[in-house]
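Structure first, commentary second.
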Amino acid sequence: MKRYWLIHMRLSHGLRQEEVAKKSIIKRPYYCQIEMGVRTPSIDVAKRIADQLQFDWTRFFEEPDSEDESYDAAKGE
1 MKRYWLIHMR LSHGLRQEEV AKKSIIKRPY YCQIEMGVRT PSIDVAKRIA DQLQFDWTRF
61 FEEPDSEDES YDAAKGE
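Reminder that position 68 of the sequence shown reads as 68 in UniProt numbering, one-by-one numbering, no gaps.
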């Protein structure tokens, strides 16, 4: 399931995937997979991304929020 909340956080900071990845010391394809929900970051990577986008790193490991679920349902995913 896509992490729409993460995409929103990145865009609200005016950053591209490449910029977040570079600042988080990971490759852009890996960051893209995290946004798309294909991969879950390690705790270390989650903390680095959260530090860049200013949110609590534990959000990666919480249940999907209702905004993400309703968006996926509307898209038929």
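Beta carbons: idealized from backbone N, C-alpha and C, even for Gly.
In the DSSP annotation of this structure, the continuous segment of the alpha helix (DSSP H) that includes Q33 starts and ends at 28 to 36.
Leaving aside the five residues that flank I25 on each side, the residues in its chain whose CB is nearer than 7 angstroms to its CB run, in chain order, R48.
In this structure, DSSP gives L53 a helical state, which the three-state scheme calls helix. Across the structure, I34 and P41 are spaced so that their CA atoms are roughly 7 angstroms apart.
Ranked by how close their Cα comes to the Cα of I43, the residues E63, I7, T58, V20 have T58 in first place.
In the three-state reduction of the DSSP assignment, E18 falls in the helix class, which pools H, G and I. Between L11 and the set Q52, F60, E63, the nearest pair of CA atoms involves Q52.
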